[in-house]
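Have a look at the structure below before the remarks.
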Amino acid sequence: MAAVKQKKSAMAQWVEAALLHRDISQSELARLLGQRLRIGFDRSKVNKIVTDHREVSAEEMLAIEEITGYPAPAGLRTVAPTDKTSAKVVQVALLDTVAAGKLKAPSSQIPVEDVPLLAFADLGRGDFFALTVEGDSMDRISPDGSVIVVNQADRTLVSGKSYVFSDRGKAAFKVWRPEPPRFVPFSTNPIHEPHYVKSKAEAEKLVIGRVKRTVLDL
């Protein structure tokens, strides 16, 4: 007598549909999940999800939605397990563009009601907004067109960390270096130059916030 094939769970079916929607393999999804969640995540874990041998946490479900652009059905949001380590999801306003290059004036004035909101997990404490990067002076970590999440509650300068700063009404995105005090590009393009300041104290007056995360859709 032939075995009866068991129907897959709604979660497994959704992950399979998300893979098809984005047209990526299980291995590629595993790689992107590992990058997004900052944990080890291999193809076997994705395979166990789509074969109903592994549950999906709330944080993983959010990450799969962000990676594939395929939203989970409302019913699954009550199914995904949560625990004390599950990340809090924060809605972050995507306000404008920022130059990864020469200083640039803000390009638009967006009405409050039209500001798009992006969902991020595991940002920690802070006051966040998001910007779209223009230019290639930071392309080693944030290529042109990527989105950066900025914590405007964190303005303390730390060497090697990235910041959005404003000088004479124009904003830019660069890495802080203290000796001599300057904001420097981190780019594959050698034409970009540092932005020098007189002192760390002066630089901190220019800082809008520290860049917490960079995101790029492939």
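Numbers in my numbering are just positions in the sequence shown, counted from 1, shifted up by 1433. The beta carbon of each residue, even a glycine, is placed where N, CA and C say it ideally should be. Everything numeric in this text was worked out from a predicted model, so none of it was measured.
If you look at residue 1480, you'll find it in the alpha helix (DSSP H) that goes 1476 to 1483. Boundaries of the alpha helix (DSSP H) harbouring residue 1461: 1459 to 1470, taken from the DSSP string. A direct Cα-Cα distance of roughly 46 angstroms separates residue 1621 from residue 1442. The three-state secondary structure of residue 1647, taken from DSSP, is strand. For the options 1447, 1476 and 1525, the alpha carbon positioned closest to that of residue 1508 is the one of 1447. Residue pairing for residue 1581: DSSP places it in a beta bridge opposite 1564 and 1647. The residues 1619, 1620 and 1621, in chain order, have a CB closer than 7 angstroms to that of residue 1573 in the same chain once the five nearest residues on each side in sequence are set aside.
Rounded to whole angstroms, the Cβ separation of residue 1580 and residue 1556 is 13 angstroms, and the two are not in contact under 8 angstroms. A straight line joining the alpha-carbon of residue 1454 with that of residue 1494 spans about 15 angstroms. The alpha-carbon separation between residue 1606 and residue 1597 amounts to approximately 4 angstroms. Considering only 1469, 1550 and 1450, the residue with the shortest C-alpha distance to residue 1500 is 1469. With a cutoff of 8 angstroms on beta-carbon distance, residue 1560 and residue 1586 are scored as near each other. The DSSP assignment places 1580 to 1584, 1595 to 1600, 1603 to 1610 and 1615 to 1617 as complete runs of the beta strand (DSSP E) inside the stretch 1578 to 1622, in order along the chain (cut-off: 3 residues).
Shown here, residue 1624 sits in coil according to DSSP, grouped into three states, outside any helix or strand. Secondary structure note for residue 1452: its alpha helix (DSSP H) is the uninterrupted segment 1443 to 1455. According to the DSSP assignment, residue 1634 belongs to the alpha helix (DSSP H) that extends over 1633 to 1639.
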